[in-house]
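For reference, each letter of the sequence shown is one residue, going 561 to 747 in the numbering used here.
Please read the structure below before turning to the comments.
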Amino acid sequence: MVWAPDAIWDPDQGQYFVHWASRFYSADDTDHTRAAITGNILRYAYTKDFKTFSGPQTYIQGTTDVIDLCVFRVDDNTLLRSYVNSSASGLPVEISTNGLLGDWSNLGTVANSAGYEAPYLFADNIDDGKLYLLADHVGSSPGLSGWTSSDWVKGSFSKDSSHDLTFMRHNSVLSVTQSQYNTLKAM
Numbered sequence: 561m562v563w564a565p566d567a568i569w570d571p572d573q574g575q576y577f578v579h580w581a582s583r584f585y586s587a588d589d590t591d592h593t594r595a596a597i598t599g600n601i602l603r604y605a606y607t608k609d610f611k612t613f614s615g616p617q618t619y620i621q622g623t624t625d626v627i628d629l630c631v632f633r634v635d636d637n638t639l640l641r642s643y644v645n646s647s648a649s650g651l652p653v654e655i656s657t658n659g660l661l662g663d664w665s666n667l668g669t670v671a672n673s674a675g676y677e678a679p680y681l682f683a684d685n686i687d688d689g690k691l692y693l694l695a696d697h698v699g700s701s702p703g704l705s706g707w708t709s710s711d712w713v714k715g716s717f718s719k720d721s722s723h724d725l726t727f728m729r730h731n732s733v734l735s736v737t738q739s740q741y742n743t744l745k746a747m
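Here is the structure:
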């Protein structure tokens, strides 16, 4: 069972780092009729062409379910990631300055993010240093909510209530240049 795949270019490997959530079943349970033998874990593989992949490896495995990884490259040396850890009180934000497979430090938990999944980090295209995090609320009153941060190094994200995104669910953001935007707008 696999879901929520995503990919990010890893310049250290010269390949795409493809990640997803998965759980494992006994080898003799090919129809998955019995309980899984692991909780949900985050796995990865590398590819240059999205046709052939390295063998999958475990990336993050907690004592409880871990799903919905988002990795964001801040600059050449800095990566941020967030994911759902069912034992946490909200969405963690972690930082690495030595690569996807390097050391990660916890910057904190996004305020008021309990009950959210599918975190997605992205940069403001006008205000350097400003980041956004979108996440999908599950349960009652589902839909996207947003957080902003100009102090992400401290893991500080503030909930943005100025936009109503509750009509949307799981998300991604595609960055475009002004020229690309103008072309799209003119269509």
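For glycine and all other residues, C-beta sits at the position ideal for the given N, C-alpha and C.
Is the Cβ-Cβ distance between residue i and residue j less than 7 Å?
i, j, result
"Thr624", "Gly650", "no"
"Asp720", "Gly706", "yes"
"Pro652", "Thr638", "no"
"Ser586", "Val562", "no"
Beta-carbon within less than 6 Å of residue i's beta-carbon, same chain only, minus the 5 sequence neighbours each way: which residues are those?
i, result
"Arg729", "Asp696"
"Arg641", "Val631 and Glu654"
"Leu694", "Tyr680, Leu704, Gly706 and Asn731"
"Ser545", "The chain is shown only over 561 to 747; residue 545 falls outside these bounds and no answer can be derived."
Quickly, what does DSSP pair residue i with across the bridge? List them, please.
i, result
"Ile627", "Val644"
"Ser586", "Note: Ser586 sits in no beta bridge, so no partner."
"Gln617", "Tyr604"
From this set, the options, which residue's C-alpha is nearest residue i's C-alpha?
i, options, result
"Ser735", "Asn685, Ser642 and Trp712", "Asn685"
"Ala671", "Leu661, Phe717, Ala648 and Leu691", "Phe717"
"Asp572", "Val733, Ser709, Asn658 and Ser722", "Asn658"
"Thr726", "Ala648, Lys745 and Ser701", "Ser701"
"Val698", "Lys690, Gly675, Ala683 and Trp712", "Gly675"
"Gly574", "Ser646, Ala595 and Ser614", "Ser614"
"Val713", "Leu667, Ala683, Gln740 and Ala648", "Leu667"
"Thr618", "Asn742, His579 and Ala564", "His579"
Between residue i and residue j, how many whole angstroms is the CB-CB distance? I'm expecting something under 8 Å.
i, j, result
"Phe610", "Ile597", "29 Å between Cβ atoms; not a contact."
"Ser656", "Asp663", "6 Å"
Excluding sequence positions up to five away, which residues of its chain have a Cβ less than 7 Å from the Cβ of residue i?
i, result
"Phe577", "Ala567, Ile568, Asp570, Tyr604, Tyr606 and Leu660"
"Val634", "Leu640"
If I measure Cβ to Cβ from residue i and keep anything under 8 Å in the same chain, skipping five residues before and after, which residues do I get?
i, result
"Tyr643", "Leu602, Ile620, Val626, Ile627, Asp628, Leu629, Cys630, Leu651, Pro652 and Pro679"
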